[in-house]
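Position 171 (the sequence shown) corresponds to 171 in the UniProt record's numbering; numbering is contiguous.
The C-beta atom is built at its ideal place from N, Cα and C for all residues, glycine as well.
Just so you know, these numbers come straight off a predicted model, no measurement behind them.
The structure appears right after this line, and notes come after that.
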Amino acid sequence: MLIGRTLGFYFSRQFLKTIFLVFATVFTLVYTLDFVELMRRAGDAPSATTAVIAQLALFRTPAIAEQVMPFAVLFGSMAALLQLSRKLELVVARAAGISAWQFLQPGLLIAVLIGVLSVTVYNPLSAVLKQRASALETSIFSRNVQTREKPIWLRQRSLDGQAIFRANGSATDAATLYDVTVYAFDHDGTFSHRVESRQANLHEGFWELKDARVLSATEEPRSHDRYLIASSLQPSEVRQSFIDPDAVPFWDLKATIDRLEQADINATTYQLHYDLLLARPLLFIAMVFVAASVSLRFFRFGGVAMMVLGGVAAGFMLYVATELMAELGASGIISSLVAAWFPAVVGSLLGTLALLYQEDG
């Protein structure tokens, strides 16, 4: 049975208001901390004025804040339900014959709406701003070479067979790799030789390796000032493979995955990110169910602090499960589809089960 229109609109407004306030608070806090950290890093950079740093922090914040959206839904829903309970509005609703399943309908609808808008509108905006932030950060700190905590891995197929590239850094245009090791294979997959080079430049149809050293099991090591490896990759394809998945807008993710797979580049992290975005509305529904399972106790019964603590613990456990499944999906241990949907499905079922136990005993 559906809830009445007037009451449903009132409850929806309460859910939307508290979720927005929680998210706005987190957004402001993230922006402030990031701004302070960027000002500390700026140091004596000539172009790092306060206005530019403020703009850079503003560009970086949406992508960071997007990661805490599930918690905004959880804590916002808890705050809305606790507020309604404190004002005895839930007591009046129950006395009028409205069950918990009915007055949760507005919250679930708001969760789905926020989930859809966060994927289709907020995510593309935050991805574009993150790309602009990367470009602005590079210009401010004059970093032409991007070093990475993890090595860059790249695989290609060409006329010479397969080759796997490992590099410790890249130029900002991604057409140049530094500290490169290339593992070359024949067409039948047999290892052929290894090439070590300080720099690899991608040109139309080939890689140019400078100061290269070629090692194989059948020949003596050879050194070359310039060594060429055939390639079918384009600089744009290589550049795309270096971009973080959360810097690619949702509407471009599927095309990006297809391009990477056609170029024989591993697209697992992009596919996982795409599946996580698709599962986000259901994850938000799970957060509302979790919030309801710990927030429907009447204030006069006491134990509100323990309820809030239980909700925080449940949300943290669901977050840990989501991160763990994402790591398993990114490493290829499980499929990205299972990694993305499992926490949302299990969270929704457990929240529903807890609510059934409380309401229908």
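Taking a contact as a CB-CB distance under 8 Å, the pair A48 and I140 counts as one, their CB atoms being some 5 Å apart.
Rounded to whole angstroms, the gap between the alpha carbons of V182 and H273 is 28 Å. Taking all protein chains in view, the Cβ of Q271 is crowded by 16 or more other Cβ atoms within 10 Å, so the residue is classified as buried.
Of the candidates L209, R86 and R157, R157 places its Cα closest to the Cα of H187. Among the bridge pairs identified by DSSP, H193 is matched with A184.
For D160, no alpha helix (DSSP H) run applies, since DSSP gives it neither H nor E.
8 Å or more divides the Cβ of V288 from the Cβ of G8. Minimum Cα-Cα distance from L21 among the listed residues M78, L56 and D225 corresponds to M78.
For E204, the three-state secondary structure derived from DSSP is coil. Excluding its 5 nearest sequence neighbours in each direction, S231 has C-beta neighbours in its own chain below 7 Å: Q156, S158, L202, G205, F206 and W207, listed in chain order. In this structure, DSSP gives V121 a helical state, which the three-state scheme calls helix.
By the neighbour-count criterion, in which a residue is buried when 16 or more other Cβ atoms sit within 10 angstroms of its Cβ, Q67 is exposed. The stretch 88-96 makes no contact with the stretch 252-263; the number of CB pairs closer than 8 Å stays below 3. For A339 against M325, the beta-carbon gap comes to about 4 Å, under 8 Å, which counts as contact. Our two residues, P151 and A167, have alpha carbons roughly 6 Å apart in a direct line. For a cut-off of 8 Å, the C-beta gap from L109 to S12 is around 7 Å, short enough to register as a contact.
Residue S126 holds the alpha-carbon nearest to the alpha-carbon of L58 among S126, A72, A100 and P46. Under the three-state reduction of DSSP output, G169 falls in the strand class. The alpha-carbon separation between R41 and F27 amounts to approximately 21 Å.
Under the DSSP assignment, D34 falls in the alpha helix (DSSP H) whose first and last residues are R5 to A42. For I257, no beta strand (DSSP E) encloses it; the enclosing alpha helix (DSSP H) starts and ends at F250 to Q262. Within the model, the alpha-carbon separation for V214 versus F185 is close to 13 Å. Straight-line spacing of the CA atoms in D225 and L56 works out to 41 Å.
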